[in-house]
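Residue 212 in the working numbering is what sits at position 229 of the sequence shown, and the numbering runs on without skipping anything.
All C-beta atoms, glycine included, are put in the ideal place defined by N, C-alpha and C.
Everything numeric in this text was worked out from a predicted model, so none of it was measured.
For reference, the structure is listed below as structure tokens.
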Amino acid sequence: MSIQLTKVHGSGNTFYLYEALYDEQFNFVNIAKQLCHHSNDGGADGLLIVLPSSVADAKMRVINADGSEASMCGNGLRCVARYVCEKLNVDEAVIETMHACLKVKREASIFEQLPTYSVEISPISFELVSLPMKVENRQQLRHEIIPAFSMDIPFTAISVPNPHLIGIVDHKYMENTLHQEQLAAYLNSENEYCPDGVNVSYVQPLSPDEIFVRTFERGVGFTNACGTAMTASALIASIEGFITNSKVTVYNPGGFVQCEVKNCGDSWELALIGNATVLGDYEYDLQDEKIQLVHFQLAEEQIQYEKCKLFVKDKIESFL
């Protein structure tokens, strides 16, 4: 049978997007592994499944390249937001995710004519049990040095609701990725700290309203960007005093986003604002759980995003 998908990206975080009739319509784990393999048109970071919802305008599921399911994906949610808003011809919608129904909204372009959407990032927890993560005699890990991780990088653990370990680093750790890669590989294999693995991000503050973030994603590896990681990083940088503005520009290897960080006393409100770009439309033949590319039509939107990437490259080279 023939299936139609759209290839999309948010900040260079690439996905195939498929609108399904119900959760078990196909073996989505198997399909995601095949779609995301590098031999299939360069692969992708995951599969976004758009489903009907009884409590929101639509429901989103996220299957990573390795077949694991993510509880949330900020960059993916922006792409789903665009798909749903354009389908319903609305500027705002609510999308059901694994742990929360989140508000999404069409925004003014973040760069020239790039289609731009903001998405709510929630729920937020610093409790280690929410990741889950185990650190001796601690219920939280807040900007602390853990010798088993590093002797000079302070780390914060947070779930949004994806689990993240955020380290504030200086330039040497951005120049050389080895330390981050080794730590992330350890924490995403059998270990005593993170039984389900964790996303590991290194953050370099650049100015009172700018940071650079590089993320090793659980189930994926190093990616161009991770939306929840960028938002969590903006929050941590704000709490620890590296950022003084409520709107933070976050640069990453795939581009940039803006994160709004609002202190509500006992809680925080977070929003992620960035591109939702269509790369093309794809048709696959699905037989006996095997997919075969039949036809694809590339979109022209990526041309505009390439200009954005050049802008970001020039910008961060002055810092990094």
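Assigned secondary structure, residue i (DSSP; H/G/I helix, E/B strand, else coil)
| i | result |
| --- | --- |
| Asn258 | strand |
| Phe228 | The identity of residue 228 in the sequence shown is Asn, whereas the question assumes Phe. It is coil, neither helix nor strand. |
| Arg125 | coil |
| Tyr5 | coil |
| Asn145 | coil |
| Ile136 | coil |
| Ile93 | coil |
| Leu30 | strand |
| Leu114 | coil |
| Leu56 | The sequence as given places Cys at residue 56; Leu does not occur at that position. Three-state result, Cys56: coil. |
| Ile14 | helix |
| Ile78 | strand |
| Val63 | helix |
| Met(-16) | coil |
| Arg103 | One point to set straight first is that residue 103 is Glu, not Arg, in the sequence displayed. Strand, per DSSP. |
| Phe(-2) | strand |
| Ala39 | coil |
| Ser108 | strand |
| Val295 | helix |
| His162 | helix |
| Lys154 | In the sequence on display, residue 154 carries His and not Lys. Correct three-state label for His154: helix. |
Beta-carbon proximity list for residue i, same chain, < 7 Å, skipping 5 on both sides
| i | result |
| --- | --- |
| Ala83 | Ser105 and Pro106 |
| Gln17 | Asn23 and Ile274 |
| Ile149 | Phe138, Thr139, Ile141, Ser184, Val186, Ala215, Ser216 and Ile219 |
| Ile299 | Phe195 and Tyr234 |
| Arg121 | Leu111 |
| Ala64 | Ala76, Ile78, Val87, Tyr100, Val102 and Ala259 |
| His278 | Glu266 |
Whole-angstrom distance between residue j and residue i, CA atom to CA atom
| i | j | result |
| --- | --- | --- |
| Leu276 | Gly26 | 12 Å |
| Val143 | Asn23 | 31 Å |
| Val240 | Ser(-6) | 7 Å |
| Cys19 | Met134 | 36 Å |
| Phe9 | Phe109 | 36 Å |
| Thr232 | Ala168 | 28 Å |
| Tyr66 | Leu269 | 23 Å |
| Phe323 | Gly204 | Nothing can be reported for residue 323, as the shown portion of the chain is limited to -16 through 303. |
| Ser51 | Ile14 | 12 Å |
| Val102 | Asn47 | 20 Å |
| Glu193 | Lys155 | 18 Å |
| Ser190 | Asp249 | 26 Å |
| Gln280 | Glu95 | 24 Å |
| Ala39 | Asp153 | 42 Å |
| Met55 | Thr80 | 7 Å |
| Arg61 | Phe132 | 32 Å |
| His162 | Gly202 | 18 Å |
| Pro98 | Phe225 | 30 Å |
| His21 | Ser113 | 33 Å |
| Glu284 | Lys230 | 26 Å |
| Cys247 | Ala53 | 27 Å |
| Gly305 | Leu262 | No statement about residue 305 is possible, as the shown extent of the chain runs from -16 to 303 and does not include it. |
| Glu173 | Thr160 | 21 Å |
| Asp264 | Glu272 | 20 Å |
Sequence-distant residues of the same chain with beta carbon closer than 6 Å to residue i, five excluded per side
| i | result |
| --- | --- |
| Val44 | Just to set this straight, residue 44 is Arg in the shown sequence, not Val. The residues are Ile32. |
| Glu368 | The question about residue 368 has no answer here: the residues shown for the chain are numbered -16 through 303. |
| Ala41 | Val33, Val67 and Ile78 |
| Glu75 | Lys88 |
| Ala3 | Ile32 and Leu34 |
| Glu252 | Lys245 |
| Ile128 | Pro137 |
| Ser36 | Lys42 and Glu79 |
| Asp49 | Gly202 |
Counted within 10 angstroms of its Cβ, other Cβ atoms place residue i as buried (16 or more) or exposed
| i | result |
| --- | --- |
| Cys91 | Reading off the sequence, residue 91 comes out as Ala, not Cys. With fewer than 16 other Cβ atoms within 10 Å, it is exposed. |
| Ser221 | buried |
| Pro178 | exposed |
| Thr305 | Nothing can be reported for residue 305, as the shown portion of the chain is limited to -16 through 303. |
| Asp6 | exposed |
| Met(-16) | exposed |
| Asn235 | buried |
| Gln165 | exposed |
| Thr227 | exposed |
| Leu71 | exposed |
| Val73 | exposed |
Nonlocal neighbours in the same chain, by C-beta distance under 8 Å from residue i, ignoring five residues either side
| i | result |
| --- | --- |
| Gly238 | Ser(-6), Gly(-5), Asn207, Ala208, Gly257, Asn258, Tyr288, Cys291, Lys292 and Val295 |
| Met116 | Leu124, Ala140, Pro146, Leu148, Tyr176, Cys177 and Val181 |
Cβ of residue i within 8 Å of any chain B Cβ
| i | result |
| --- | --- |
| Glu173 | Protein chains in the displayed structure number just one, and chain B is not present. |
Identify every run of the alpha helix (DSSP H) within the segment 171 to 259, keeping only runs that are complete inside it and at least 4 residues long; order them along the chain. 210 to 222
Run through the segment 258 to 282 for me and flag every whole beta strand (DSSP E) of 3 or more residues, listed as ranges in chain order. List check, beta strand (DSSP E) in window: 260 to 270 and 273 to 281.
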